[in-house]
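Asker: Handing you this structure, nothing more for now.
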Amino acid sequence: MPYTLRVYDTLTKTKQVFRPVTPGRVGIYLCGPTVYDKAHIGHMVGPVIFDAIKRYLVYCGYQVTWVVNITDVDDKLIQKAKQRGISMAQVAQENTEDYLANLRGLGVDQIDQMPKATEHIEEIVRFIQDLIDRGFAYHSDGDVFFDVAKDVNYGKLSNRSADSQQGEGGEAAVKKRSPGDFALWKAAKPDEPAWDSPWGPGRPGWHIECSAMSRRILGKTFDIHGGGLDLVFPHHENEIAQSECCHGQPMVNYWMHNGLMRAGAGGKMGGRGEREAPQATIDTKISRSKGAGGLADLIAEHGGHTLRFFLLRTHYRSTIVFGPEGLAEATTALEAFTRYFERYERITGQSFYDVTPVQRRQDGDQRTDSDGSPHELLAEVARRRDAYLAKMDDDFNTGAAISELFELLRSLNKFIDQHDLDDPAAREQDLLRTLQRATVTLRELTWLLGLFCSAPDDQAAAQDSFVEPLLALLVDLRTQSRQRKDFATADQIRQRLSELGITLEDRKDGTVWRLP
RNA sequence: GGCGCCGUGGCCAAGUGGCUUAAGGCAGCGGAUUGCAAAUCCGCCAUCGGGGGUUCGAAUCCCCCCGGCGCCUCCA
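When you number the first sequence by this note's numbering, it's gap-free, plus one each residue, and the end is 2013.
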């Protein structure tokens, strides 16, 4: 391969050349949600970036298996179920459905498997028994704990020493040998959901499900393990401890952690509604305790494309400040693309969304004109494409790659301007063909990020109603005024529409209108 | 207290030793285009929190300071 993929690895704190365990194949495990409450935008950072990463790896020719787990048994789920007087399974199901719907809303459609902890209890029990047999875990009055002191490598991911850990206090602490020990299995209290085990009825502790399920699906050593930065400790640290002590081999070759999201000044995570307290901005961290839950509203209000673009605009390891200003800017920036799509369709008669993207990476592809000679535009486009790919190769720098998208857009618009393709009379077949071929690359590169994959349906409402014929009428009247040089009337129509948020653009091939 | 991150133009944001004479976006200004607009194109708009050091060369490495933030307890 003429290119080299580099991935930042949290364990070594360096960018590493990417080499899969099995040539040609990649296994990715991303820590999904514990489904005790509705999803919020912060939960989507990982899924969106990994969705783009999977697309990219597939584009580069890898056969990728991407797993996102659902943790559907946990103290918080139990607590929630009690509060609401429903079963834990119901709580889990509701919130899982909410999570899935939001993933769809953001165009995350590359996940291959979404295993649930409760469906892997046997595997989990087996895993725990193995750890006990190997002397890394101990049974204590119905609970099973991982014995941190037995793991000489404990703390390597988060750079902590085992004995400096406080561990959770409370009643469990009494049963532990050391405060840093963590539960693999928790004995069931009355009224709690429980499964049989060699240690009595109980349920898995947090962490163990990921070790068990990743092994089951991806193997003892797999390529990429992802999650939010907040999971480095204790979750991933404990996963490594469990898996590596159990298997005696590395669990993961590349640990990838996305940055966390923060609410910007005045930002509200849930979309509508007042903030709970005037002081809410003091705690700018986005946490589930802040009464999030309006992600569906957020998607409905701003559109999945915009949110996805907003997330991809910032490097995945950085903190993303989420707020209305950033969202508004993303919306504006994105409109340049949709305007191009409309322009492209007017000129070629083909919808951008119907353009078939190139699905496989081909660096340095020399595209030529129909007569076989290299075309200036196509050469320029190929350069942009290579620059884009180089940025993606460098730890999936989507923000930098997006800058090439804007450059590409400029090249395309410039070509149209230079050849006056807005004028139907100037539309020679060769020029149109070149434009179409160049646009394939824009399609290819936006597709890779999962942007503009399908036509937005937000205009559908307007088209179903009176809006379209009404606007057609006004535009016709205005066009007639302009032909009569009655600009006062024409401008009045445009002005009044503008006050309604409707923009008119007079182009060589007619007047087009745009809703707010 | 321990571990770690960040501070780039008015705002957002790439870049982390020379190939960047600091990408891209938003906003702004000037021009082309337009009946006028809108859109589009062209041009303009930063020496990288402060100080010191290493180096032939630093936004990029080291030290100190100032200012933000995260984790160490549940969190994507």
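Ideal placement from N, C-alpha and C gives every residue a C-beta, glycine not left out.
The alpha helix (DSSP H) with THR1986 in it runs from where to where?
Answerer: For the purposes of this step, residue 1986 is identified with residue 489 of the first sequence, where counting begins at 1. THR1986 -> alpha helix (DSSP H) spans 1984 to 1996.
Asker: Between the C-alpha atoms of ASP1780 and ALA1760, what's the straight-line distance to the nearest angstrom?
Answerer: In the first sequence, residue 1780 corresponds to position 283, counting from 1. In the first sequence, residue 1760 corresponds to position 263, counting from 1. The predicted position of ASP1780 is uncertain, since its pLDDT is 31 and thus under 50; no value can be drawn from it.
Asker: What residue from GLN1977, LEU1905, ILE1990 and GLY2007 has the CA that sits closest to ILE1999's CA?
Answerer: As a first step, residue 1999 must be located in the first sequence, where it is residue number 502. Among GLN1977, LEU1905, ILE1990 and GLY2007, the Cα nearest to that of ILE1999 is on ILE1990.
Asker: Expressed to the nearest angstrom, what Euclidean distance is found between the alpha-carbon atoms of ASP1506 and MET1753?
Answerer: To locate residue 1506, count along the first sequence from 1; it is residue 9. To locate residue 1753, count along the first sequence from 1; it is residue 256. Distance between the alpha carbons of ASP1506 and MET1753 is about 6 Å.
Asker: Distance check for ALA1709 and GLY1745, CA to CA, integer angstroms please.
Answerer: Position 248 of the first sequence holds residue 1745. Position 212 of the first sequence holds residue 1709. Each residue's alpha carbon lies about 15 Å from the other.
Asker: Would you check if the segment 1876 to 1885 and the segment 1895 to 1909 touch, i.e. whether three or more CB-CB distances between them fall below 8 Å?
Answerer: The segment 1895 to 1909, when compared against the segment 1876 to 1885, does touch it at the 8 Å Cβ threshold.
Asker: Quick one: measure Cβ to Cβ for ILE1817 and LEU1808, integer angstroms, because I've assumed they're closer than 8 Å.
Answerer: Translated into positions along the first sequence, residue 1817 becomes position 320. Translated into positions along the first sequence, residue 1808 becomes position 311. With a Cβ gap of about 7 Å, ILE1817 and LEU1808 count as contacting.
Asker: Between the Cα of PRO1530 and the Cα atoms of PRO1499, TYR1500 and VAL1570, which residue gives the shortest distance?
Answerer: As a working mapping, residue 1530 is identified with position 33 in the first sequence. Measuring from the Cα of PRO1530, the nearest candidate turns out to be VAL1570.
Asker: Below 8 Å on the Cβ atoms is my contact criterion, and I expect PHE1730 with ARG1657 to pass it. Report the Cβ-Cβ distance as a whole number of Å.
Answerer: Reading the first sequence from its first residue, position 233 is the one you call residue 1730. Reading the first sequence from its first residue, position 160 is the one you call residue 1657. Confirmed, about 6 Å.
Asker: Hey, is the segment 1735 to 1744 in contact with the segment 1645 to 1652, meaning 3+ C-beta pairs nearer than 8 Å?
Answerer: yes
Asker: Could you check which residue in ASP1606, GLY1539, LYS1512 and THR1829 has the C-alpha nearest to that of CYS1950?
Answerer: Indexing the first sequence from 1 puts residue 1950 at position 453. Checking every option, the nearest Cα to that of CYS1950 belongs to ASP1606.
Asker: What's the call for ILE1525, buried or exposed, on a 16-neighbour Cβ count within 10 Å?
Answerer: Counting from 1 along the first sequence, the entry for residue 1525 is found at position 28. Result: buried.
Asker: Below 8 Å on the Cβ atoms is my contact criterion, and I expect VAL1749 with ILE1721 to pass it. Report the Cβ-Cβ distance as a whole number of Å.
Answerer: Within the first sequence, the letter at position 252 stands for residue 1749. Within the first sequence, the letter at position 224 stands for residue 1721. VAL1749 to ILE1721, Cβ: 7 Å. Contact.
Asker: Could you check which residue in GLY1602, ASP1640, ARG1993 and PHE1903 has the C-alpha nearest to that of ASP1693?
Answerer: Indexing the first sequence from 1 puts residue 1693 at position 196. Comparing Cα positions, the closest option is ASP1640.
Asker: Nearest CA to the CA of LYS1683: which residue from LEU1945, LYS1672 and PRO1701?
Answerer: Taking the first sequence and counting its residues from 1, the one referred to as residue 1683 is at position 186. Here the closest residue by C-alpha is PRO1701.
Asker: Report the three-state DSSP secondary structure of ASN1755 (helix, strand or coil).
Answerer: Counting from 1 along the first sequence, the entry for residue 1755 is found at position 258. ASN1755: strand per DSSP, three-state reduction.
Asker: Would you grab the beta carbon distance between LEU1628 and CYS1707 for me? Rounded to a whole angstrom, and I think it's under 8 Å.
Answerer: In the first sequence, counting from the first residue as 1, residue 1628 sits at position 131. In the first sequence, counting from the first residue as 1, residue 1707 sits at position 210. At roughly 14 Å, the Cβ-Cβ gap does not stay under 8 Å, so LEU1628 and CYS1707 are not in contact.
Asker: Taking TYR1533 and ASN1592 to be in contact with their CB atoms under 8 Å, please state how far apart those CB atoms are, rounded to whole angstroms.
Answerer: Your numbering for residue 1533 matches position 36 in the first sequence. Your numbering for residue 1592 matches position 95 in the first sequence. Distance from TYR1533 to ASN1592 at the Cβ level is roughly 7 Å; contact confirmed, criterion being Cβ atoms closer than 8 Å.
Asker: Quick one: which unbroken alpha helix (DSSP H) runs of 4-plus residues sit fully inside the segment 1926 to 1965? Chain order, please.
Answerer: Runs of the alpha helix (DSSP H) spanning 4 or more residues and lying entirely within the segment 1926 to 1965 occur at 1926 to 1945 and 1957 to 1961, in chain order.
Asker: Ordered along the chain, which non-local residues of its own chain (more than five positions away) have a Cβ less than 7 Å from that of VAL1504?
Answerer: Here the question's residue 1504 lines up with position 7 in the first sequence. So the qualifying residues of the chain are LYS1512, GLN1513, PHE1515, TYR1751, MET1753 and ASP1892.
Asker: Have a look at the DSSP bridge pairing and note the partners of LEU2001.
Answerer: In the first sequence, counting from the first residue as 1, residue 2001 sits at position 504. Looking at the DSSP assignment, LEU2001 forms a beta bridge with TRP2010.
Asker: Confirm, please, whether the CB-CB distance from GLY1716 to CYS1528 is below 7 Å.
Answerer: The count along the first sequence starts at 1 and reaches residue 1528 at position 31. The count along the first sequence starts at 1 and reaches residue 1716 at position 219. No, they are not a contact pair.
Asker: How about SER1711 and LYS1672: are their beta carbons less than 7 Å apart?
Answerer: Counting from one through the first sequence, the residue named residue 1711 turns up at place 214. Counting from one through the first sequence, the residue named residue 1672 turns up at place 175. It is not a contact, given that the beta carbons lie outside the stated cut-off.
Asker: For GLN1847, does the three-state DSSP call read helix, strand or coil?
Answerer: The residue labelled residue 1847 in the question sits at position 350 within the first sequence. Three-state result, GLN1847: coil.
Asker: Sort out for me which residues DSSP pairs TRP1703 with in a bridge.
Answerer: Here residue 1703 corresponds to residue number 206 of the first sequence, with the count starting at 1. None; TRP1703 has no bridge partner.
Asker: In chain order, what residues of the same chain lie with their CB nearer than 8 Å to the CB of ARG1631, ignoring the 5 residues before and after it?
Answerer: Locating residue 1631 in the first sequence gives position 134, where the first residue counts as 1. Closer than 8 Å at Cβ, skipping near neighbours: CYS1742 and CYS1743.
Asker: Just to confirm the assignment, what range does the beta strand (DSSP E) spanning LYS1683 have?
Answerer: On the first sequence, residue 1683 is found 186 positions in, with the first residue counted as 1. Element bounds for LYS1683: 1679 to 1684.
Asker: With DSSP as the reference, label ASN1750 as helix, strand or coil.
Answerer: The count along the first sequence starts at 1 and reaches residue 1750 at position 253. Strand.
Asker: Write down the C-beta distance between ILE1583 and ASN1755 rounded to the nearest angstrom, noting that I regard them as a contact closer than 8 Å.
Answerer: In the first sequence, residue 1583 corresponds to position 86, counting from 1. In the first sequence, residue 1755 corresponds to position 258, counting from 1. Not quite, the Cβ-Cβ distance comes to about 32 Å (not below 8 Å), so this is no contact.
Asker: Going by C-alpha distance, which of LEU1932, GLU1842, ALA1923 and LEU1654 is nearest LEU1508?
Answerer: Numbered from its first residue, the first sequence carries residue 1508 at position 11. The option with the nearest alpha carbon to LEU1508 is LEU1654.
Asker: Over the uninterrupted beta strand (DSSP E) stretch that includes TYR1505, give me the two end residues.
Answerer: Position 8 of the first sequence holds residue 1505. TYR1505 -> beta strand (DSSP E) spans 1503 to 1506.
Asker: Just the Cα atoms here: how many angstroms apart are THR1828 and ARG1623?
Answerer: To locate residue 1828, count along the first sequence from 1; it is residue 331. To locate residue 1623, count along the first sequence from 1; it is residue 126. In this structure, the alpha-carbon of THR1828 lies about 50 Å from that of ARG1623.
Asker: In three-state DSSP terms, what is VAL1518?
Answerer: Translated into positions along the first sequence, residue 1518 becomes position 21. Reduced to three states, the DSSP call for VAL1518 is coil.
Asker: So which of GLY1823, GLU1941, LEU1929 and ARG1880 has the shortest CA-CA distance to THR1853?
Answerer: Indexing the first sequence from 1 puts residue 1853 at position 356. It is GLU1941.
Asker: Please identify the residue among ASP1688, TRP1944 and TYR1500 whose C-alpha is closest to the C-alpha of LYS1579.
Answerer: Locating residue 1579 in the first sequence gives position 82, where the first residue counts as 1. When only C-alpha atoms are compared, the closest one is ASP1688.
Asker: If you follow the beta strand (DSSP E) that GLN1560 is in, where does it begin and where does it stop?
Answerer: Against the first sequence, residue 1560 aligns to sequence position 63. Residues 1560 to 1565.
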